[in-house]
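Residue numbers (my numbering): 1101 to 1510.
The structure under discussion appears below in the form of C-alpha cells.
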Amino acid sequence: MKRGYLSEYFIGVAAKTLAATEIDPHTSRGHEYQGVDAFREFLGSPDAKKKIGVTYIRLEDDEPPLRLELDGTWYNSRKNQPHREPEYRLYYPAAAEEVVRKARAGDTLFFCKPKTGSLLAMSCAAGSAIEQQLFWLFGLRATGERFDENKRDLRQDRGQELSFTARYILELIEIEAIITEDEWLDALLKKFGAKFPATRLFSEFARRHAPETSIRDDPDHALITWIEFEERLFRTLERYIVSERLADGFMHGRQADVEGFIKFSLSVQNRRKSRAGSALENHLAVIFDARGLKFERGAKTENNNKPDFLFPGAKEYASSSFSANRLIMLGAKSTCKDRWRQVLAEAKRIKTKHLLTLEPGISENQTSEMRTKSLQLVLPKKLHETYKPNQQKSLLDLRDFITLVEKTQR
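Written out as C-alpha cells, the structure is:
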C-alpha cells in the first residue's frame, strides 16, 4: 500500500503549557502568546512587526472544533533592547478572544505550520483525549512553558506515517489527508460501476485484494490491514463519484442550488461514518468465523437491545441454565467518544462488557471511568501505543479477546 507522512503537510510543530498571563484577562490585559520564540525557525525573524495569517482553534473531546480565520502579529518583543537576545511573540487581535479565551492556565497550546496556508494555533485541555492524540501524532510529549522544550522540525524527518489512525486524528482538527489507490480505480468501476455498493460487498472486495495477512497468526494485523486498505479503496471510488457529481454542478436554471449542495455534502460525510462502523463489524465477523467462534450479530437481549456480537448467541443468553460466566458480548465502534455508555445496557446478564474501537488515545479520565463501569476496552495491538503506559496495562488486543472467547467455548 502507498505511504504518506506528516512532512507532506507540515513543516514544523511545537507545544507548550499556557500561562494565565497569555489568556486570562483577569491576570493580564496582554494579547500575546509567550515562550514561542523557538518557532522562529518556521516563521522567520523579521526586523519589523509582521502580520501573518493565523487560524485560532479550540479543541474539545466531544465537540466540533471552534475556529476563527484571522491574523496575528509576529514581532520581537526586545527590539528596543539591543543588549539582549531577540524574543519573538505572537500578538493575537481582540477578535480572536472568542476562541483563545476558551483556554485556561495549564492547557496545552500547539503551533502547527502547514506547508501552505495559515499558522494553526490550537488549544486543548490538559489530560484530554485530543491532547493525547496530538502528542502521539506529532511525536511530542507533555511539556513546559516554552516551545524550545518541545518542538519538531518536519523538514528534517518525515514524521508520523499517515496510517488510518493518523488520518483520523488529522480529521479531528479538520485536516483531510486522503490517500487513494488510484491504480485500483478501473477495477472498482468494473466491479461496482460509478456507485457505492453495499458495505458488505465492498468489504469482501477489500479483503480479497488486500496485502496478505494471517488471521490465525496475527488477527490484530489482519484487521488493521483490511480496514486500512478498504478505507483507501473507498476514498478512491468516492473521489471519482464526487468529482463526477461536482462536474455536473449545483444549479437550477440560473440559480445556485444551495440546498442541493448542502444535502449532497452531508450525504458524503454521513456515508463515511456509517460505512466505517459497518466495515469494522464485517471484518470482525470474518475473523471470528475463521477462528471457529460461535456468535451472533445483532442478537436481541433485554428491551430489544442488540449487541453487535453476542457469544455464543441469543439462545444461550435466554437460557437461565446457561452460565452467565460463559456469555460474552462485544460492542464494535470505529469511534466511541461518549457513545461507549450505550454498550453498558445491552446485555444485563453479562457483568463485564467488551468494546472494540479504533479510536486512539482516549483520555485517562475516560478509560478510568470505563473500568469503574466494568467496560473492557479492546483495541488492535498497533493502537495501544497511542495510550499512556499505565493505560496500556488494562487494554486487551484482538488476539487476547479471541483467546478469552475460545476458553469459554471449549
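Built from N, CA and C at the ideal position, the CB exists for glycine as well.
Item                                                                                                                               : Value
Beta-ladder partner(s) of Phe1409, from DSSP                                                                                       : Arg1397 and Leu1430
Candidates Phe1422, Asp1171 and Asp1248, of which the one nearest Lys1151 by Cα                                                    : Asp1171
Same chain only: Cβ atoms within 8 Å of Ile1502, ignoring 5 sequence neighbours per side                                           : Pro1319, Ile1387, Phe1388, Arg1391 and Leu1393
Backbone secondary structure at Lys1363 - three-state DSSP                                                                         : helix
Counterpart residues of Val1478 in DSSP-defined beta bridges                                                                       : Leu1456 and Leu1496
Inter-residue CB distance, Tyr1268 and Pro1460 (contact presumed, cutoff 8 Å)                                                      : 7 Å
Cα-Cα separation between Lys1482 and Trp1236, rounded to whole angstroms                                                           : 13 Å
Coil, strand or helix - Ala1356 by DSSP                                                                                            : strand
Ser1343 burial status per 10 Å Cβ neighbour count (16 or more: buried)                                                             : exposed
Contacts around Asp1124, its chain only, beta-carbon distance under 8 Å, and the 5 residues preceding and following it disregarded : Arg1201, Arg1204 and Ala1205
Per-residue burial, Glu1330 [other beta carbons within 10 Å of its own, 16 or more giving buried]                                  : buried
Thr1127 and Ala1138 closer than 7 Å at C-beta                                                                                      : no
Coil, strand or helix - Pro1544 by DSSP                                                                                            : Given that the chain is displayed from residue 1101 to residue 1510, the structure contains no residue 1544 and the question cannot be resolved.
Counterpart residues of Ala1115 in DSSP-defined beta bridges                                                                       : Phe1210
From Gln1355, Ile1230 and Leu1498, residue whose alpha carbon lies closest to that of Pro1165                                      : Ile1230
Whole-angstrom C-beta distance between Leu1380 and Leu1458, which should lie under 8 Å                                             : 7 Å
Neighbourhood of His1131 by C-beta, 6 Å cutoff - its chain only, sequence neighbours within 5 removed                              : Tyr1191 and Tyr1192
Helix, strand or coil at Phe1350 [DSSP, three-state]                                                                               : coil
DSSP bridge partner residues for Gly1153 (one or two, in chain order)                                                              : Asp1171
DSSP three-state assignment for Asn1176, whether helix, strand or coil                                                             : strand
Assigned secondary structure, Ser1223 (DSSP; H/G/I helix, E/B strand, else coil)                                                   : strand
Leu1118 vs Asp1253 beta-carbon contact at 7 Å                                                                                      : no
Rounded distance between the beta-carbons of Arg1449 and Tyr1417, thought under 8 Å                                                : 6 Å
Where Thr1452 falls, given that 16 or more other Cβ within 10 Å makes a residue buried                                             : exposed
Beta-carbon proximity list for Arg1300, same chain, < 7 Å, skipping 5 on both sides                                                : Asn1382
Anticipated Cβ contact below 8 Å, Leu1444 with Val1478, distance rounded                                                           : So it is not a contact: roughly 15 Å between Cβ atoms.
Cβ contact check for the segment 1102-1118 and the segment 1240-1252: 3 or more pairs under 8 Å                                    : yes
Sheet register partners of Leu1159 (DSSP bridge)                                                                                   : Cys1224
Sequence-distant residues of its chain with Cβ nearer than 6 Å to Val1113 (five each side left out)                                : Cys1212, Phe1238 and Arg1252
Proximity below 7 Å, CB of Glu1328 to CB of Phe1264                                                                                : yes
CB of Leu1220 within 7 Å of CB of Thr1155, strictly                                                                                : yes
Own chain partners of Lys1149 with C-beta closer than 7 Å, once the 5 adjacent residues on each side are dropped                   : Thr1173 and Tyr1175
Span of the beta strand (DSSP E), counted from its first residue to its last, around Lys1251                                       : Lys1251 to Asp1253
Range covered by the beta strand (DSSP E) that runs through Arg1439                                                                : Counting along the chain, Arg1439 falls outside any beta strand (DSSP E), and DSSP gives it neither H nor E.
Collapsed DSSP secondary structure at Glu1344 in the structure displayed                                                           : helix
C-beta contact flag for Thr1280 and Thr1336 at 7 Å                                                                                 : yes
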